[in-house]
Amino acid sequence: MRETSRILSEACKQGRKSLLETEAKTVCTEYGIPVTRFDLARSEEEAVRFANTIGFPTVLKIVSPDIIHKSDVGGVIIGLKNPDEVRSAYNQILQNVKKHDAKAKIAGVLVQEMAPPSTEVIVGAIKDPQFGPAIMFGLGGVFVEVLKDVTFRVAPITEEDACEMISEVKAYPLLKGYRNTPPADIDAIVKILLNTSRLVTDYPAIKELDLNPVIVYEKGAKTVDARIILE
Ligand code: ADP
Ligand code: MG
């Protein structure tokens, strides 16, 4: 696909091993993977302008080729309710990043739609030296980090594989709804798994992909963070 090819070859030309969040989300969009609306601000004024367009509450994040884990360096501030909060978050993020690494290259500050809280899932891809790309699925937070409740399939996967992956994790009952939590849109997750499989199958240069988290609603889902690492 056009935009994806352009982004990957540009990163390669610059000797980068990872895509910026803006680039990764553009790739996702081209592959039919839903992401939060975003725009890259290069000034405080621009950040406010984009926030006004995208709407409040909003989220600001650092975009730097030198920073992979953004919240570890104070590079993510969520829940900004008005232009004043956007201004101070913009400056706070740049200050936090500078304190962490004075030499970090800054591409800008990403202003993005704040996804309302709901059930979080993780979709990933890794490359096995023997079997090639494999797709990973799990529920977010403690399920992946503590319980390692995840499942894998070698790509390309079928729709049936995707459905199986979702229903075989131990946390699956949470997706079907419980107490006051409505059932999650399983179809939306199936589509994301299939499109992720298509993406990593089309582009062997992708070594690792991480949609973490994807927030799933009764209708639809939104990827709020996307990481793509290249060979
Ligand atoms: P990191 O590089 O640290 O993984 P993330 O982009 O994942 O940075 O942001 C950290 C956390 O902030 C996410 O796990 C999520 O809980 C929250 N977050 C980030 N972006 C959004 C958003 N657009 N809407 C709602 N929550 C968000
Ligand atoms: Mg993340």
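Here the sequence shown is numbered in this note's numbering, starting from 1156 and rising by one per residue. We treat Cβ as the ideally placed atom computed from N, Cα and C, and that holds for glycine.
Taking 7 Å as the cut-off, is the C-beta of Ala1270 nearer than that to any heavy atom in ligand 1? Translated into the one-based positions of the sequence shown, residue 1270 becomes position 115. True, at least one ligand heavy atom lies under 7 Å from that Cβ.
Distance, Cα to Cα, Val1371 vs Arg1353? Here residue 1371 corresponds to residue number 216 of the sequence shown, with the count starting at 1. Here residue 1353 corresponds to residue number 198 of the sequence shown, with the count starting at 1. Their Cα atoms are separated by approximately 21 Å.
With DSSP as the reference, please indicate the residues paired to Val1278 in a beta bridge. As a first step, residue 1278 must be located in the sequence shown, where it is residue number 123. DSSP, once it has assigned bridges, lists Phe1292, Leu1366 as partnering Val1278.
Out of Glu1240, Asp1239, Pro1238, Ser1219, which has the shortest C-alpha to C-alpha gap to Gly1230? For the purposes of this step, residue 1230 is identified with residue 75 of the sequence shown, where counting begins at 1. Of Glu1240, Asp1239, Pro1238, Ser1219, the residue nearest in Cα terms is Ser1219.
As assigned by DSSP and simplified to three states, the class of Ala1262: Here residue 1262 refers to the residue found at position 107 of the sequence shown. Coil at Ala1262, not helix or strand.
Which of the three DSSP states is assigned to Ala1196 in this structure? Locating residue 1196 in the sequence shown gives position 41, where the first residue counts as 1. It is a strand residue.
What is the residue span of the beta strand (DSSP E) that Thr1414 lies within? Nothing in the structure corresponds to residue 1414, since the chain is present only between 1156 and 1386.
Element boundaries [beta strand (DSSP E), containing Arg1382]: Position 227 of the sequence shown holds residue 1382. Element bounds for Arg1382: 1381-1385.
Quick one: what's got a C-beta closer than 6 Å to Leu1349's C-beta in the same chain, skipping five residues either side? Numbered from 1 along the sequence shown, position 194 holds the residue referred to as residue 1349. Only Ala1317 meet the Cβ criterion.
Nearest candidate by alpha-carbon position, reference Ala1196, set Ala1259, Lys1260, Leu1265, Lys1168: Mapped onto the sequence shown, residue 1196 falls at position 41. When only C-alpha atoms are compared, the closest one is Leu1265.
Pro1311 beta carbon less than 8 Å from that of Thr1356: Residue 1356 sits at position 201 when you count from the first residue of the sequence shown. Residue 1311 sits at position 156 when you count from the first residue of the sequence shown. Closer than 8 Å, so yes.
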